[in-house]
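Residue numbers (my numbering), protein chains in the order written: chain A, 150 to 475; chain B, 373 to 725.
Ideal Cβ placement from N, Cα and C applies to all residues, glycine included.
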């Protein structure tokens with residue numbers, strides 16, 4: 150109504166650079182154009198230089214035999230299979246450690262986060278010490294520590310730790326009727342120490358951050374909620390489970406999302422402890438084929454997809470726990 | 373306004389730099405790389421840095437080793453001063469990217485010459501003469517009782533990732549139909565640490581490297597090299613493709629070291645030989661080789677006396693070998709294939725003509 154009432158003569162006086170409707174469009178248009186030109190220039194340059202170096206993007210090498218072995222694969226693999234199978238085996242290994250890590254870190258992180266509200270002073274302080282110790286040491290160092298100092302110090306061969314139905318040795322954890330064949334432990338189900346060290350490192354590290362997110366979430370629930378629940382006769386555990394955590398989740402879930410994504414990305418530090426993940430396979434592939442740009446593109450795409458999937462799931466979860474307006 | 377514009381222009385330029393490569397030189401005598409090195413006044417050389425005998429950092433922070441001496445020889449030939457070298461420690465996965473991106477001028481890091489690394493459709497390197505003819509071997513603890521490759525069937529073997537050794541191991545084990553578990557590590561340090569901790573029953577690498585690493589083990593005598601030689605590993609310095617002038621300068625500096633040994637010219641007697649050649653107009657071969665006459669240096673874009681400078685700095689090839697990996701070193705490797713061709717080896721410099 151107000152706009153329609155503008156005097157055409159007065160509107161004609163307003164110069165175009167002060168036009169509130171035109172300027173935002175113009176600025177965005179120019180910025181967009183500049184970005185496009187920049188991207189086109191960079192991509193053009195890349196293609197031009199790769200062409201002059203005789204390295205046009207090509208994907209046919211993916212079908213060539215890899216020629217190297219990948220250890221502990223879920224997908225069957227041998228050196229005669231093509232590169233894409235090797236990369237797929239690496240991807241599966243990455244997904245395996247990420248999934249196990251997510252579950253482990255969530256459980257441990259929640260326990261530690263809740264423990265920092267415990268009425269038991271020892272438990273409360275232990276939780277604080279754990280968080281401060283773990284999150285202030287670089288993850289790479291922790292992985293090297295877990296692998297070389299803890300896991301590789303396990304006894305091997307005949308001296309391995311033997312429990313009913315399982316054996317813990319320098320080479321890994323062997324479940325379901327393990328037996329020593331020719332000096333090497335074998336069993337239908339086994340987890341290597343490389344996997345163990347990486348998983349332990351990722352879980353303890355990420356759990357420290359998750360604990361802080363959980364602590365923040367629980368602290369956001371007002372004290373009155375605790376008191377009301379107690380006065381209604383809820384036990385402390387019931388209060389936590391039925392009253393506090395459901396409300397805390399609204400604050401926790403968005404924070405968890407970024408921790409989960411960090412965990413997925415941090416899994417690429419697997420090279421530090423000899424675990425054959427996607428990054429490790431890609432690195433060997435890059436070295437053997439010299440296809441640096443293509444291999445890096447594959448890596449980027451793979452980690453992007455994993456992280457976007459985690460994000461999408463967490464956004465879905467976030468909508469579930471938010472207050473529904475009636 | 374003007375200033376903001378300039379800032380934006382700089383930001384754009386900075387953003388764009390990583391992707392702006394040098395257009396390949398259209399050939400000719402001038403080498404961009406060589407000109408760049410002379411302008412900068414130092415040679416940037418990629419080495420391993422953790423391999424006794426080849427490239428190793430001494431307690432005082434200086435580098436020594438066979439690979440290091442090649443860098444020094446090239447610096448002496450190009451710049452007249454063997455100390456004008458910046459060393460960059462590279463692991464096996466970083467080395468080719470560092471060379472391709474121009475971060476280093478010369479890769480002298482026990483690198484095996486292979487077809488795919490040489491081909492422009494592969495890694496696209498340009499290889500100099502081989503400075504060490506090696507072969508892949510396997511090392512195992514003496515106490516394990518393993519005496520051959522077959523004894524490794526079903527067992528874990530430690531290997532550095534991204535190396536030719538990884539592929540050779542896969543090939544040989546496939547040939548003898550022995551399944552095994554490869555444990556791959558990104559650096560040599562991690563690989564040998566895992567081996568010493570007993571995670572794998574054997575470690576595989578070039579035989580010279582195994583011998584070199586063994587000298588730094590707590591108990592070197594407790595580890596044995598298995599008799600099998602798994603592959604040919606000609607360890608060769610490399611430069612990037614697309615600058616033939618620079619590649620030639622490196623190639624002929626190294627040939628110069630080899631030719632000097634063949635002619636009996638050493639670090640100790642080079643001045644005498646030079647004086648002899650200068651005084652004696654009849655020794656045309658020697659005069660050309662040492663740059664007293666002719667224009668070999670000029671043709672390569674190097675000073676006329678580049679061979680003299682290189683030999684003065686590090687000695688001839690035989691001296692470099694003995695000092696770093698041969699009888700004068702802890703490694704005590706035999707010359708073997710690395711003898712001069714006149715003594716049945718493979719070290720052979722083409723004629724300086």
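Chain A within 8 Å of residue i, Cβ atoms only
{"i": "residue 585 (chain B)", "result": "no"}
{"i": "residue 661 (chain B)", "result": "no"}
{"i": "residue 547 (chain B)", "result": "no"}
{"i": "residue 648 (chain B)", "result": "no"}
{"i": "residue 496 (chain B)", "result": "yes"}
{"i": "residue 557 (chain B)", "result": "yes"}
{"i": "residue 611 (chain B)", "result": "no"}
{"i": "residue 724 (chain B)", "result": "no"}
{"i": "residue 465 (chain B)", "result": "yes"}
{"i": "residue 515 (chain B)", "result": "no"}
{"i": "residue 705 (chain B)", "result": "no"}
{"i": "residue 599 (chain B)", "result": "no"}
{"i": "residue 533 (chain B)", "result": "yes"}
Cβ neighbour criterion (16 or more within 10 Å) applied to residue i
{"i": "residue 713 (chain B)", "result": "exposed"}
{"i": "residue 613 (chain B)", "result": "buried"}
{"i": "residue 411 (chain B)", "result": "exposed"}
{"i": "residue 725 (chain B)", "result": "exposed"}
{"i": "residue 710 (chain B)", "result": "buried"}
{"i": "residue 286 (chain A)", "result": "exposed"}
{"i": "residue 172 (chain A)", "result": "exposed"}
{"i": "residue 722 (chain B)", "result": "exposed"}
{"i": "residue 519 (chain B)", "result": "exposed"}
{"i": "residue 657 (chain B)", "result": "exposed"}
{"i": "residue 256 (chain A)", "result": "exposed"}
{"i": "residue 716 (chain B)", "result": "exposed"}
{"i": "residue 343 (chain A)", "result": "buried"}
{"i": "residue 418 (chain B)", "result": "buried"}
{"i": "residue 618 (chain B)", "result": "buried"}
Selection from the options that minimises the alpha carbon distance to residue i
{"i": "residue 314 (chain A)", "options": "A:326, A:282, A:298", "result": "A:326"}
{"i": "residue 259 (chain A)", "options": "A:382, A:440, A:356", "result": "A:356"}
{"i": "residue 697 (chain B)", "options": "B:587, B:409, B:719", "result": "B:587"}
{"i": "residue 545 (chain B)", "options": "B:533, B:522, B:637", "result": "B:522"}
{"i": "residue 542 (chain B)", "options": "A:220, A:207, A:464", "result": "A:220"}
{"i": "residue 512 (chain B)", "options": "B:406, B:585, B:638", "result": "B:585"}
{"i": "residue 292 (chain A)", "options": "A:381, A:424, A:323", "result": "A:424"}
{"i": "residue 339 (chain A)", "options": "A:322, A:328, A:346", "result": "A:322"}
{"i": "residue 457 (chain B)", "options": "B:436, B:470, B:468", "result": "B:436"}
{"i": "residue 261 (chain A)", "options": "A:295, A:365, A:429", "result": "A:365"}
{"i": "residue 445 (chain B)", "options": "B:705, B:694, B:719, B:682", "result": "B:682"}
{"i": "residue 133 (chain A)", "options": "B:527, B:550, B:553, B:514", "result": "The shown model of chain A, from 150 to 475, leaves out residue 133 (chain A), and the question about it has no answer."}
{"i": "residue 240 (chain A)", "options": "A:461, A:453, A:463, A:466", "result": "A:453"}
{"i": "residue 296 (chain A)", "options": "A:270, A:403, A:420, A:186", "result": "A:420"}
{"i": "residue 540 (chain B)", "options": "B:553, B:576, B:567, B:562", "result": "B:576"}
{"i": "residue 578 (chain B)", "options": "B:448, B:405, B:407, B:705", "result": "B:705"}
8 Å Cβ cutoff, residue i in contact with chain B
{"i": "residue 188 (chain A)", "result": "no"}
{"i": "residue 416 (chain A)", "result": "no"}
{"i": "residue 291 (chain A)", "result": "no"}
{"i": "residue 177 (chain A)", "result": "no"}
{"i": "residue 457 (chain A)", "result": "no"}
{"i": "residue 228 (chain A)", "result": "yes"}
{"i": "residue 242 (chain A)", "result": "no"}
{"i": "residue 212 (chain A)", "result": "no"}
{"i": "residue 464 (chain A)", "result": "no"}
{"i": "residue 441 (chain A)", "result": "yes"}
{"i": "residue 420 (chain A)", "result": "yes"}
{"i": "residue 209 (chain A)", "result": "no"}
{"i": "residue 320 (chain A)", "result": "yes"}
Assumed close pair residue i, residue j - CB separation to whole angstroms, cut-off 8 Å
{"i": "residue 420 (chain B)", "j": "residue 439 (chain B)", "result": "7 Å"}
{"i": "residue 246 (chain A)", "j": "residue 426 (chain A)", "result": "7 Å"}
{"i": "residue 319 (chain A)", "j": "residue 337 (chain A)", "result": "Contact doesn't hold; Cβ gap of about 20 Å is too wide."}
{"i": "residue 557 (chain B)", "j": "residue 530 (chain B)", "result": "7 Å"}
{"i": "residue 431 (chain A)", "j": "residue 236 (chain A)", "result": "7 Å"}
Closer than 8 Å to chain C by CB, residue i
{"i": "residue 553 (chain B)", "result": "In the displayed structure, chain C is absent; the protein chains listed are A and B."}
Report task. Mind the definition here: the region 481-493 of chain B touches the region 462-469 of chain B only if three or more C-beta pairs lie below 8 Å; say whether that holds. Result -> Using a Cβ-Cβ distance cut-off of 8 Å, the region 481-493 of chain B and the region 462-469 of chain B are in contact, since at least three pairs of beta carbons, one from each stretch, lie closer than that value.
Query - Three-pair Cβ contact test at 8 Å for the region 599-606 of chain B versus the region 493-510 of chain B - result: yes
Query raised in the report: Does the pairing of the region 413-427 of chain B with the region 487-501 of chain B give three or more beta-carbon distances under 8 Å?
Result: no
Query raised in the report: Would you call the region 364-382 of chain A and the region 390-400 of chain A in contact, with 3 or more CB pairs under 8 Å?
Result: They touch, by the three-pair rule.
Report task. Report yes or no: do the region 263-281 of chain A and the region 433-451 of chain A share at least 3 C-beta pairs separated by less than 8 Å? Result -> no
Query - Contact between the region 275-283 of chain A and the region 402-413 of chain A (3+ Cβ pairs under 8 Å) - result: no
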